[in-house]
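Beneath this line is the structure, given in structure tokens, with notes to follow.
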Amino acid sequence: CLGQTIPESGCALTDLACQCTSKNLTVSTANCMLTNCTMADTLALAKFQAGVCKAPFQNRSQTIVSVFVAITAVASAFVAARFVHGSLWGNKLGLEDWVVTGGLLVCLCSHVLDLTTSVTSEGFGKHLYSLENGDLKKFLRDFYIAENTYVIVLSVTKLSILFFYLRIFKYRYWFCVQVWATIAMICVSTAIILVMTIFSCHPINYFWDRDIKGGTCLDVNALAYANSAMSMAQDVIITLLPLREVLKLNMSQQKKVATSLMFALGGFGCIVSAIRLKVLLGFGNSIDPTWDYVFVVIWTAIELGVAIVLSCLPSVRLLVIRL
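To get our numbering, take the position in the sequence shown, counting from 1, and add 10.
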């Protein structure tokens, strides 16, 4: 591969300075290796190039762990506050409470435990050349699990908000029809995206094991963009749905404004989704995934954390007022 890609890069065979700084050479060599060689061979070449070019050892694992711990703590506190509000004032827990709790538990089990394991033992947060043989395969397998979990948890938090709408506006027939239509749309679109994500590669384990010959994958970038764009559109719909109904409620103008602003905060989730969409640029085309995917994973965790927090705002607001 080097014999083919070095001349194509414009670098001389003896010009190490050019070879070490050429991004095109790095990309073309990695693509050639992944196509024609094993993952172990690709890792060996990456280590050799890093040694020759004196590449630095860098590690973002502490940042990843810190972000996950903070997000998990905040999201868990808001969900706990929901239950405290219900138990202290005798409010019956609704379907939305259990749905968002299920989403949090899935998030805890899959994202935190799985990705924290990747950080501590599979090299996530480090460059490819710092990994040991087999680490990349394990990391990509865990990333595949987290990718599918993300689709589920994000939709679950949206559904919990919609179930809350159904409970507080249960006597508004046409509004409930709109909410049920939105629920159906989210369920159908989530099912489609989830199936496409699960079967994004054929065979499935080709996603993390590129040593399998004849494997193929969908355009992962296009799938990720479609999912993010769809999520942002759903956020806008969920944010706008209750505003007209709030204005009809028998309460003071001040309370109407406060309640409307609380629902409008759902737009913040749309902003976070937009930031994550920007970070996704180049996703799926990385030759150094354990390093390049760090901010994708961080913003994914932030998006899920924000979604859980926003779904808990109505209960937390009432808890704060009553305390």
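Glycine included, every Cβ here is placed at the ideal spot set by N, Cα and C.
Three-state secondary structure assigned by DSSP to lysine 136:
Walking along the sequence shown from the start, residue 136 turns up at place 126. Residue state, collapsed to three classes: strand.
Any idea if asparagine 34 is buried or exposed, counting beta-carbon neighbours within 10 angstroms, 16 or more meaning buried?
Position 24 of the sequence shown, counting from 1, holds the residue named residue 34. Counting Cβ neighbours within 10 Å, asparagine 34 comes out exposed, since fewer than 16 surround it.
Cα separation between isoleucine 155 and threonine 24?
Against the sequence shown, residue 155 aligns to sequence position 145. Against the sequence shown, residue 24 aligns to sequence position 14. Taking the straight line joining both Cα atoms gives about 43 Å.
Return the CA-CA distance between valine 256 and valine 94, expressed in angstroms with no decimal places.
Within the sequence shown, numbered from 1, the residue matching residue 256 stands at position 246. Within the sequence shown, numbered from 1, the residue matching residue 94 stands at position 84. Whole-angstrom Cα-Cα distance: 25 Å.
Start and end residues, alpha helix (DSSP H) containing tyrosine 183:
In the sequence shown, residue 183 corresponds to position 173, counting from 1. Taken as a continuous stretch (DSSP letters only), the alpha helix (DSSP H) holding tyrosine 183 covers 183 to 208.
Fully enclosed by the segment 59 to 109, which alpha helix (DSSP H) runs are 4 residues long or longer?
71 to 98
CA-to-CA distance, glutamate 18 to cysteine 211, given in whole angstroms:
Sequence index remark: in the sequence shown, residue 211 carries index 201 (1-based). Sequence index remark: in the sequence shown, residue 18 carries index 8 (1-based). Their backbone Cα atoms lie some 30 Å apart in a straight line.
Assuming phenylalanine 88 and cysteine 322 make a contact with CB atoms under 8 Å, what is their CB distance in whole Å?
What you label residue 88 is simply residue 78 of the sequence shown in a count that begins at 1. What you label residue 322 is simply residue 312 of the sequence shown in a count that begins at 1. Contact holds; Cβ gap of about 4 Å.
Rounding to the nearest angstrom, what Cα-Cα distance links alanine 232 and alanine 80 in this structure?
Counting from 1 along the sequence shown, the entry for residue 232 is found at position 222. Counting from 1 along the sequence shown, the entry for residue 80 is found at position 70. Distance between the alpha carbons of alanine 232 and alanine 80 is about 30 Å.
Tell me, which residues are paired with threonine 111 by DSSP?
Counted from its first residue, the sequence shown places residue 111 at position 101. DSSP, once it has assigned bridges, lists no residue as partnering threonine 111.
State the start and end residues of the unbroken alpha helix (DSSP H) segment that holds glycine 315.
Indexing the sequence shown from 1 puts residue 315 at position 305. Where glycine 315 is concerned, the enclosing alpha helix (DSSP H) stretches over 304 to 332.
Inspect the beta-carbon positions of asparagine 143 and leucine 53 and report whether they are closer than 9 Å.
Looking up residue 143 in the sequence shown gives position 133. Looking up residue 53 in the sequence shown gives position 43. In this structure, leucine 53 lies closer than 9 Å to asparagine 143 by Cβ.
Under 9 Å between C-beta atoms of threonine 200 and isoleucine 162
The residue given as residue 200 occupies position 190 in the sequence shown. The residue given as residue 162 occupies position 152 in the sequence shown. Yes; because the gap between Cβ atoms is below 9 Å, this pair is in contact.
Exposed or buried, what is aspartate 152 when buried is set at 16 or more other beta-carbons lying within 10 Å of its beta-carbon?
Residue numbering aside, residue 152 sits at position 142 when the sequence shown is read from its first letter. Answer is buried; the Cβ neighbour count reaches 16.
Quick one: Cα of asparagine 41 to Cα of glycine 96, how far?
Within the sequence shown, residue 41 is the residue found at index 31, counting from 1. Within the sequence shown, residue 96 is the residue found at index 86, counting from 1. Using only the alpha carbons, I get a separation of about 55 Å.
Which residues bound the alpha helix (DSSP H) around serine 238?
Within the sequence shown, the letter at position 228 stands for residue 238. Here the alpha helix (DSSP H) through serine 238 covers 230 to 250.
Beta carbon of valine 282 nearer than 9 Å to that of isoleucine 308
Along the sequence shown, one-based indexing puts residue 282 at 272. Along the sequence shown, one-based indexing puts residue 308 at 298. No, they are not a contact pair.
Look at the Cβ atom of isoleucine 203, then the Cβ atom of proline 213, and state whether they are nearer than 9 Å.
Translated into the one-based positions of the sequence shown, residue 203 becomes position 193. Translated into the one-based positions of the sequence shown, residue 213 becomes position 203. No, the pair does not count as a contact, with Cβ atoms beyond the cut-off.
Distance, leucine 314 Cα to valine 289 Cα:
For the purposes of this step, residue 289 is identified with residue 279 of the sequence shown, where counting begins at 1. For the purposes of this step, residue 314 is identified with residue 304 of the sequence shown, where counting begins at 1. Each residue's alpha carbon lies about 15 Å from the other.
Straight-line CA distance for valine 84 to isoleucine 196?
Along the sequence shown, one-based indexing puts residue 84 at 74. Along the sequence shown, one-based indexing puts residue 196 at 186. The alpha-carbon atoms of valine 84 and isoleucine 196 are separated by roughly 26 Å.
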